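Right, one structure below, let's go through it.
2 protein chains.
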Amino acid sequence: MPDVALNFSRPEYATRLTRVHDAMSAQGLDSLIVTDPSNIAWLTGYDGWSFYVHQCAIIPLGEEPLWYGRSQDANGARLTVYMDENRIIGYPDEYVQSTERHPMDLLSQILTDRGWATGNIGVELENYYFTAAAYLSLQKHLPNASLRDATALVNWQRAVKSETELEYMRIGGRIVENMHARIVEKAEPGMRKSDLVAEIYDAGIRGTDEHGGDYPAIVPLLPSGADASAPHMTWDDKPLQRGEGTFFEIAGCYKRYHCPLSRTLFLGKPTDTFLDAEKAVLEGMDAGLEAARSGNTCEDISSAFFATLKRHGIVKDNRAGYPIGLSYPPDWGERTMSLRSGDKTVLQENMTFHFMTGLWLEDWGMEITESIIIKDNGPELLASVPRKLTIKD
Amino acid sequence: MPDVALNFSRPEYATRLTRVHDAMSAQGLDSLIVTDPSNIAWLTGYDGWSFYVHQCAIIPLGEEPLWYGRSQDANGARLTVYMDENRIIGYPDEYVQSTERHPMDLLSQILTDRGWATGNIGVELENYYFTAAAYLSLQKHLPNASLRDATALVNWQRAVKSETELEYMRIGGRIVENMHARIVEKAEPGMRKSDLVAEIYDAGIRGTDEHGGDYPAIVPLLPSGADASAPHMTWDDKPLQRGEGTFFEIAGCYKRYHCPLSRTLFLGKPTDTFLDAEKAVLEGMDAGLEAARSGNTCEDISSAFFATLKRHGIVKDNRAGYPIGLSYPPDWGERTMSLRSGDKTVLQENMTFHFMTGLWLEDWGMEITESIIIKDNGPELLASVPRKLTIKD
């Protein structure tokens, strides 16, 4: 057995597990099947790009997790999780992308053999990696169990970050600072957008002198001009144009912990549209950040931001942010809270958010955002990048 | 309306749609809900990193697709799909990651309003982006419809590639050649692995002089030494060591079309284990490639490969490849055929595969692979990278 270099102390994993056991008890669950790769990693330490096949962590109430996945990935579990070998279970390769047999068929058998096939079993109904077919397999093969929706049960336990988690996210902040500095240094009219993306990746993965970067859960998003009306465009190999704004939605990542941060670059003399939007957004961000403190609610942040925008005549009809931390593709958000009207979740110290203040309007778009740690007296910024429209004329 | 620069001709999209309509007829489907982002892109042209929220293409039998997704992403649909504005439907942001309302609730209403809420509706039960919750929502809100499993219905239509698709994949081949050349040039003992990954990304996204690279659906996988027993480990910032083998499972990507290709680098003098494995794998690949021609079956390729390995005393208990082409994370495979025993799918000209001949054994691993186009008289290799264990001593 090789030594496992865990990213967190054993007591930290134990604390996490206790939180999850408590949440399971509160919901009357006897066991929990965790399929979200971020939740699996947070609970067990498992890390690998194997989530394109079925895998999960099984959490019997009061017990340590079991890792269940493809046999060849069980080797990766042995290298990354804290549990003993007897809590790592691989399924044969004939279950991979087969139309005849499903990995969850076999899992039901395993649960049955171990006496966990009765009672209330929590499953993450709303997760990318828990397909409808996985659900139907469990439903069919676990006739004596009651499958209960436990979507986001684990995600909610992740909301308040530990000191080590915050440390990793601050390193993500140093990395995203370097990424934005590289953009400002290199971007110029005529440069192929793909070449600029190569620079962004180079800066993000190289990281800092002390810490190499990890892959963010979302690739760089950097639409220009009218394309920036669409928030999730990636890139092409067309040249950057003078007279266009381009926003850069990117994240620094370290040991799977994210610091997203967006800035907008205008090549040439910015139009009044951009300058007016910059003024409104910066003023709105000041108001939102002022509200980002323990005891306030999620909607306090968005309401302060939206009210300022509205005074400037701008209506934003989508949420103004979401919690961040450990994540795997396709999303670096935690999918629990949202900074929007109606979300009355009370902010607690060491919750972390991407304050996503992007505007995507008829034929242009602009993003100037911050990632923050909630503190009692106002937020700590995870990264320090000049908060303004970047202009290269 | 901005002009839409489609990656394929309108007749090519029409041909694809006809194939899907025909497959729907054959399965008795009245409409089809397509959630796999690769299938959506192949059918409509849609491109964007928005699959972390619910979206789909709706295909009524005999009609053009409709795009359905988040309102802010409808802007991206307007920039990338060939259908008219009236076939692009955005849902309000309050449906995003809400515990009270699901985007599929609203979709059911839309289907009902348009008279598509009866008959047999195909859904992709086994897809990352069709969650159990999405299925349960449709089941609840479409009481007069019969939901039928249409997993991989569209994927199968994608198996035989068009000339333009092959052209994009050959460009992916040029890109992955550059990526491997960069590895050989830059890797050396003491280099942080993350710095080498930065080089790989730089080469892959910079692409060629004529064509910038796109993001592959899987990040670079490059475990070293004993870690290489696990096929899906990503990277850290530890230095490369003399005396260790590292495999590089990477892909060149152009307009979302992939050319995966793996090679293994040994820093120092390779052990007999590696040299023996190299000999077995190369001989097995020759046998497998010889079998990779129209009229043979998927298992003919894997059987030829496995038989050679076995003669060398190596047992590989996982599949030897899968179809490739257009893809989005988390998988660059097409999830239809597998190169393994029992898969008797007949190979057709212009099918494309990653011949995945990797070995992941007790405490080491090696990958030397090829991506191929099936031709009548044997395969065309998508990339030309010296097929051998790379040694830097």
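Sequence lines, in order, name chains A and B. 36 is the number of the first residue of the first sequence in my numbering; add one for each residue after it. 36 is the number of the first residue of the second sequence in my numbering; add one for each residue after it. Here a beta-carbon is modelled for each residue, glycine too, at the ideal position from N, C-alpha and C. Values in this document were obtained by computation on a predicted structure and should not be read as measured data.
- Cutoff 8 angstroms: residue 213 of chain B Cβ touching any chain A Cβ: no
- When the Cα of residue 141 of chain A is compared with those of A/155, A/125, A/154, which residue comes out closest? Out of A/155, A/125, A/154, A/125 has the C-alpha closest to the C-alpha of residue 141 of chain A.
- For residue 338 of chain A, collect the residues of the same chain with a Cβ closer than 8 angstroms to its Cβ; drop the 5 residues on either side in sequence, then sort them by chain order. Excluding positions up to five away in sequence, the list reads 326, 376.
- Message: When you compare the stretch 388-402 of chain A with the stretch 348-366 of chain A, are there three or more beta-carbon pairs, one atom per stretch, that lie closer than 8 angstroms?
- Response: yes
- Beta-carbon of residue 405 of chain B versus every beta-carbon of chain A: anything under 8 angstroms? no
- Fully enclosed by the stretch 131-198 of chain A, which alpha helix (DSSP H) runs are 4 residues long or longer? 138-148, 167-176, 188-192
- Message: Cutting at 6 angstroms between CB atoms, please list the residues of its own chain near residue 154 of chain A, excluding the five before and the five after it.
- Response: 65
- Query: Between which two residues does the alpha helix (DSSP H) containing residue 72 of chain A stretch?
  - Reply: 72-79
- Message: Which complete alpha helix (DSSP H) runs does the stretch 221-251 of chain A hold, if anything under 4 residues is left out?
- Response: The qualifying runs are 228-241.
- Message: Closer than 8 angstroms between beta carbons: that is the criterion. Which residues of the stretch 248-267 of chain A meet it against chain B?
- Response: 248, 249, 250, 253, 254, 256, 261, 262, 264, 265, 266, 267
- Item | Pairwise C-alpha distance: residue 302 of chain A and residue 50 of chain B | 41 angstroms
- Task: Would you verify that the beta carbon of residue 201 of chain B is, or is not, closer than 8 angstroms to some beta carbon of chain A?
- Result: no
- Message: So residue 165 of chain B contacts chain A; which residues on that side make the cut at Cβ distance below 8 angstroms?
- Response: 166, 167
- Compare the beta carbon distance of residue 291 of chain B and residue 76 of chain B with 8 angstroms and say whether it is the shorter of the two. yes
- Task: Between the Cα of residue 304 of chain B and those of B/284, B/312, B/322, B/279, spot the shortest distance and give me the residue it belongs to.
- Result: B/279
- Contacting residues, own chain, Cβ-Cβ under 6 angstroms from residue 212 of chain B (five flanking each side not counted): Correct list, in chain order: 418, 420.
- In terms of DSSP beta bridges, what is residue 95 of chain B paired with? DSSP output for residue 95 of chain B lists B/66 as bridge partner(s).
- Item | Assumed close pair residue 383 of chain B, residue 195 of chain B - CB separation to whole angstroms, cut-off 8 angstroms | 5 angstroms
- Roughly how far, in whole angstroms, is the beta-carbon of residue 258 of chain A from the beta-carbon of residue 400 of chain A, given that I think they are within contact range, below 8 angstroms? 7 angstroms
- Inside the stretch 335-364 of chain A only - beta strand (DSSP E) runs reaching at least 3 residues: Correct list: 356-358.
- residue 133 of chain A beta carbon less than 8 angstroms from that of residue 108 of chain A: The criterion of a C-beta distance shorter than 8 angstroms is not satisfied by residue 108 of chain A and residue 133 of chain A.
- Item | Straight-line gap, residue 422 of chain B to residue 215 of chain B (C-alpha atoms, nearest Å) | 11 angstroms
- Message: I need the DSSP call for residue 295 of chain A, collapsed to helix, strand or coil.
- Response: Of the three classes helix, strand and coil, the one that applies to residue 295 of chain A here is strand, per DSSP.
- Given a limit of 7 angstroms on CB to CB distance, which residues of the stretch 354-369 of chain A reach chain B? 354, 364, 365, 366
- Query: Taking the alpha carbon of residue 428 of chain B as the point to measure from, which residue in B/320, B/414, B/276, B/372 has its own alpha carbon closest?
  - Reply: B/276
- Item | Cβ shell of residue 243 of chain A (< 8 angstroms), same chain only, five flanking positions each side left out | 206, 209, 210, 213
- Should the stretch 234-243 of chain A be regarded as contacting the stretch 232-239 of chain B, the criterion being three or more beta carbon pairs within less than 8 angstroms? yes
- Item | DSSP three-state assignment for residue 36 of chain A, whether helix, strand or coil | Annotation note: pLDDT 48 at residue 36 of chain A (below 50); position unreliable, coordinate value reported separately. Of the three classes helix, strand and coil, the one that applies to residue 36 of chain A here is coil, per DSSP.
- Message: Is it buried or exposed, residue 7 of chain B, if we count other Cβ atoms within 10 angstroms and call 16 or more buried?
- Response: The structure shown has nothing for residue 7 of chain B, since chain B only spans 36 to 428.
- Message: On the criterion of 16 or more Cβ atoms from any shown chain inside 10 Å, does residue 172 of chain B qualify as buried, or is it exposed?
- Response: Result: buried.
- Neighbour-count burial assignment, residue 298 of chain A, 16 or more Cβ in a 10 Å radius: Under a 10 Å Cβ-count criterion, residue 298 of chain A is classified as buried, with 16 or more other Cβ atoms of the shown protein chains found around its own Cβ.
- In terms of residue numbering, what span does the alpha helix (DSSP H) encompassing residue 54 of chain B cover? That run of the alpha helix (DSSP H) goes 45-61.
- Task: Between the Cα of residue 128 of chain B and those of B/247, B/263, B/136, spot the shortest distance and give me the residue it belongs to.
- Result: B/136
- Message: So the candidates are A/314, A/103, A/335, A/157; which of them puts its Cα closest to the Cα of residue 181 of chain A?
- Response: A/157
- Query: Do residue 246 of chain B and residue 272 of chain A come within 8 angstroms of each other at the CB atom, strictly closer than that value?
  - Reply: yes
- Min CB distance residue 36 of chain A to chain B below 8 angstroms: For residue 36 of chain A, the pLDDT reaches just 48, beneath the cut-off of 50, and the residue's location in the model is therefore unreliable, although a value from the coordinates is still provided. So no, residue 36 of chain A is outside the interface.
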